[in-house]
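Report on the structure given below.
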Amino acid sequence: MREPARLSARSAPVVGVAAGLVFVALAVAALLVGVLPGDVPLRAALLELASPTVVAAMRVVNLWGDKLLLGPATLAVLALVPAARRRWWVWPALMVVAPLVEGTVKELIGRPRPEGLGPGFPSGHATAAAAFFGAVCYLAGTLRPVAARAAVRAGAIAMIGLVAAARVILRAHWPSDALGGIALGLALASAAAWVAAVSPRPRESAPPGSAPAPPGRAPGPA
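Every position in the sequence shown, counted from 1, becomes a number in the numbering used here once 36 is added.
Below you can see the structure in the form of structure tokens.
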């Protein structure tokens, strides 16, 4: 049976291309059309749910799209997941690149938020959440048993959707802003997963006093 991590690595380009195409389509529509046809009714439907309790819960969920939480969360993933440490530099780089790309696109598109004059497409919180939890989905491919892997991935996908919904319920974005952020974040996470998959694994140094490895073979356990 194929290893889950290998399957995740092979699916990363597919997810990345699909998410990238969705993002480009939404970006072009936001640039040329402005507010998309489904934005107003979907936003109204979500705002109907905005009771004080829901808004309070969404403010907590919203933190999972904030760099002040995602920065330490990325370090926690590196500490807890051995697979993340093999190419440790990929995941912090992802969380640095994601807001840079999002901010650049936001200025280029320039579509106003529903309540405010600042540019809103794509949502920065949704982009960051999708990048982080998309990476978690990839790294979960090394988890055992299968039930644990499925639970982590289900939770990560749920958090992406909840952060996107929070941005609309908190009146910060149009639904298409949030969807564009999800697409961009997943595309970037997939690119990071692909880089992690194709990058050579760092060599392990031999313990002091051990015999040198045979030519063509890296030192390490048999």
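Beta carbons are placed, not taken as given, at the ideal position from N, Cα and C, and that holds for glycine.
As the structure is a prediction and not an experimental result, all values here were calculated from the model.
Residue from the options with nearest C-alpha to residue i
i, options, result
"A165", "V234, I218, V69", "I218"
"L78", "A214, S235, G139, E143", "A214"
"E151", "E143, P181, V182, V76", "V76"
DSSP state of residue i mapped onto helix, strand, coil
i, result
"P2", "Residue 2 lies beyond the range of the chain shown here (37 to 258); nothing can be said about it."
"P77", "helix"
"P108", "helix"
"P155", "strand"
"R203", "helix"
"E143", "helix"
"A55", "helix"
"M37", "Below a pLDDT of 50, predicted positions are generally treated as unreliable, and M37, at 38, falls in that range; the measurement from the model is reported next regardless. M37: coil per DSSP, three-state reduction."
Whole-Å CB distance - residue i paired with residue j, under 8 Å assumed
i, j, result
"A162", "A223", "About 13 Å separates the two Cβ atoms, so there is no contact after all."
"G170", "S226", "7 Å"
"W127", "V137", "Actually they are not in contact, since the Cβ atoms of W127 and V137 sit about 16 Å apart, beyond 8 Å."
"S159", "R207", "12 Å between Cβ atoms; not a contact."
Sequence-distant residues of the same chain with beta carbon closer than 7 Å to residue i, five excluded per side
i, result
"A134", "T163, A164, A167, G221, L224"
"L198", "V97"
"V90", "I205"
"A55", "A219, L222, A223, S226"
"R149", "G156, A208, H209"
Cutoff 8 Å; reference residue i; Cβ partners in own chain excluding five residues on either side
i, result
"P118", "T178"
"M131", "K103, L106, G107, T110, A164, A167, F168"
"G70", "R147"
Beta-carbon proximity list for residue i, same chain, < 6 Å, skipping 5 on both sides
i, result
"A66", "I145, R147, F157"
Proximity test, residue i beta-carbon vs the ligand PLP heavy atom, cut-off 7 Å
i, result
"L104", "The ligand content of the structure shown is nil, which means the ligand PLP is not present either."
Problem - Whole alpha helix (DSSP H) elements within the segment 113–141, 4-residue minimum - result: 118–122
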